[in-house]
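Presented below is the structure to which this report refers.
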Amino acid sequence: MAPGRPAFPRTVDGSAMNLEALLSARLAPALAEVAHAAVDPAVRRSQHADFQSGAVLPLARGLGRSPRELAEAVTARADLAGVAHAEVSGPGFVNLTVADELIAAALTDVAGDARLGVPQTKQPRTVVLDYSAPNIAKELTVGHLRSTVIGDALARTLEWLGHDVIRANHVGDWGTAFGMLIEHLLDEGATGVSRAADLTAFYQAARAKFDADEDFRDRARLRVVRLQSGDEETLGLWRSLVAESRRYLLSAYERLGVTLTEADFAGESGYNDQLASVVDELDAKGLLVASDGALCVFPEGFTGRDGGPLPLIVRKSDGGFGYAATDLAALRHRTRVLGATRLLYVVGAPQRTHFAMVFAVAAAAGWLPEGVSAEHVPFGSILGTDGRMFRTRSGDSVKLAALLDEAVTRASALAPDPAVAAAVGVGAIKYADLAGDRRSDYVFDWDRMLALTGNTGPYLQYAYARIRSILDRAGAFRPAVRITHPAERALALELLSFEPVVESVAATLEPHRLAGYLYGLASLYSTFYEQCPVLKAEDGVRESRLSLCLLTGRTLRRGLDLLGIATPAHL
RNA sequence: GCGCUCGUAGCUCAGCGGAUAGAGCAACGGACUUCUAAUCCGUCGGUCGCAGGUUCGAAUCCUGCCGGGCGCGCCA
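Okay, so the first sequence: first residue is 289 according to my numbering, each after it adds one.
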């Protein structure tokens, strides 16, 4: 901060730019005096003013005074000098109008901050974030899109806030299907799976032979046994399948703009040698029950179709291990070896019960000690415009590559430059996935997601490109904000809300809050842009308006980056 | 059958304990000697599935009902 400038009022937690926190801190002592107890000021954004506090409304009855009377008392006592103007309104709200000078000073501070006023967390956690989880020897489909896109947005956001994020790509690289895949690979010769695009055909061919040919079926079963018993030749073939698939997956992630890397692969096969000890430990805790030949845990509170207790099957009746055992082993590894204090699983809503059971069993086994949380982060389905599950006309799941191809083709109508078209097309798909509540199903609609108006990726990218254009013309200037117009004020106030929004995304694991904020910000910018000439403005005002452009651009860029969406300089 | 989840404008969705429920699209009407009008402004449009309950206050919380989706022992 430049010397000589009046000190900006800091809040208790040292966060300079959070107006909500600042107003709360100023209101809290007055509220405590009036109520004779600590009261949450409940400061929120408002349509009737910049912020409002409805804190006295619930107090009125207990204190035997009218809400408006209490609100007047609070307003009279609160030290808001230089911060805001308070006015009692309606049934007893305290409407707060922030001083223009404060908005300007706060935003000028933000302009000098590389993190846009968003501090790193003081309580960093080691977060293991389980997302994407595709299958080896299969192509990515729309079925993997949501986990991958939502998970990556959460990874980026939590990481940026200072948490230690360990990405865990729980790829399906083990199981009985590999018997037929390896046999098919041998039939096809060394070049069986040489190109990523062949993966689906390869898998389907193996599947078809398995279904039709009894000899092949026997060979496949034998091959599974050899794989599980550690036969070197078989393992070698398996590894070649895995390696080829990984190459393909990494290229797909790169195209999607997803941060997953080679180091993040944590396949199911990696837990093979821990499964027996999972069983042993559960047994030692007295949790295991033999049922129909399988080893199960019956966590309390789960009932099946017949009304009886629902088992989590840890070891199957044939002696093999299912996904429950793998999930338990992975969970134990993440807390015990990786030192995770927060476990997140970005997996579709249908698996809710499964994860609830896994967490219950893990807790009973002592693998989720005090201070370690495990959360399923569920999401809804992608539907076609007919309202049913999004599939091809023939009923197959849509390949991600085909989807991206079409997106880029359609986007090239908006942006002739191939690189820009890719950014717009891919961004449109990802943004559409992130813009709504993740728990809800959403309709996959090309026209809507590629529209240049409304809450879409292209609209935000366009807004950003316009800002870049104006800044490019402007030349150098010294950022400093002052408020001279209502549109400036509205934009400035919204820019100061970036921090609470990002915090809320981290707290709720709901990226659509950020998407909605960015859309609102871009809308306010558009209004400002229409009503306030920037480059032609008089000295001083020009610099201030350029500062607003700069800050809006930086906020859009950072926000979109946290969502995993690119911001081309030009459209 | 039990459990979870969702029913908000014609369509797609926000809002999830606070004031007169908000956007976009569609419809209609405006604004281009433009800093990217690929934009912006305005109008029209809703018994927030239904019925009770809790509360000073309910789209939001609770209960029941109706309707859709999903899950419910060896697939992940």
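For each residue, glycine too, the CB sits at the ideal point set by N, CA and C.
Beta-carbon proximity check, residue i vs residue j, cutoff 7 Å
i	j	result
residue 384	residue 372	yes
residue 729	residue 797	no
residue 694	residue 768	no
residue 597	residue 584	no
residue 665	residue 634	yes
residue 508	residue 467	yes
residue 614	residue 660	no
residue 637	residue 668	yes
residue 653	residue 570	yes
residue 380	residue 351	no
residue 738	residue 764	no
residue 755	residue 840	yes
residue 382	residue 363	yes
residue 775	residue 819	yes
residue 329	residue 347	no
residue 846	residue 855	no
residue 758	residue 822	yes
residue 794	residue 446	yes
Where the beta strand (DSSP E) through residue i begins and ends
i	result
residue 584	582–585
residue 630	630–633
residue 579	576–579
residue 766	Premise fails: residue 766 is in no beta strand (DSSP E) and is neither H nor E.
residue 664	661–664
residue 792	It is not in any beta strand (DSSP E) - residue 792 instead sits in the alpha helix (DSSP H) that spans 786–796.
residue 637	Run containing residue 637: none; DSSP gives neither H nor E here.
residue 417	414–418
residue 381	381–386
residue 375	372–377
DSSP beta-bridge partners of residue i
i	result
residue 717	Answer by DSSP bridge pairing: none, since residue 717 is not bridged.
residue 687	429
residue 591	597
residue 541	Residue 541 is not bridged to any residue.
residue 349	In DSSP, residue 349 forms no bridge with anything.
residue 453	415
residue 677	671
residue 553	457
residue 423	460
residue 730	670
residue 603	583, 609
Residue from the options whose Cα sits closest to the Cα of residue i
i	options	result
residue 535	553, 523, 518	553
residue 835	859, 849, 760, 851	760
residue 378	334, 403, 525	334
residue 732	705, 691, 749	691
residue 617	605, 646, 640	646
residue 579	816, 557, 565, 602	602
residue 434	818, 789, 758, 726	726
residue 416	803, 630, 444	630
residue 859	705, 839, 720, 556	705
residue 512	626, 471, 777, 374	471
residue 643	663, 626, 658, 628	663
residue 747	773, 703, 788	703
residue 677	405, 357, 577, 430	430
residue 655	735, 621, 317	621
residue 588	649, 753, 506, 551	649
residue 540	675, 487, 843	487
residue 586	533, 612, 565, 550	612
residue 827	340, 608, 772	772
Host alpha helix (DSSP H) of residue i (start-end)
i	result
residue 336	That residue, residue 336, is in no alpha helix (DSSP H); it is neither H nor E in DSSP.
residue 800	800–819
residue 321	307–323
residue 263	Shown here, the chain extends from 289 to 859; a query on residue 263 therefore has no answer.
residue 781	774–783
residue 611	611–624
residue 565	563–572
residue 365	355–365
residue 490	487–500
residue 466	465–476
Checklist entry - Between the region 445–453 and the region 410–419, do at least 3 Cβ pairs fall closer than 8 Å? => result yes
Checklist entry - Are at least three pairs of beta-carbons, each pair with one atom in the region 698–715 and one in the region 418–430, less than 8 Å apart? => result no
Item to check | the region 782–792 touching the region 389–405, judged by at least three CB pairs closer than 8 Å | outcome: yes
Next on the checklist: Can you confirm whether the region 416–423 touches the region 505–523 when touching is taken to mean that 3 or more C-beta pairs between the two stretches lie within less than 8 Å?
Outcome noted: no
Checklist entry - With contact counted as at least three CB pairs below 8 Å, one residue from each stretch, are the region 437–446 and the region 483–501 in contact? => result no
Checklist entry - Taking one C-beta from the region 454–463 and one from the region 485–497 each time, how about it: are there three or more such pairs within less than 8 Å? => result no
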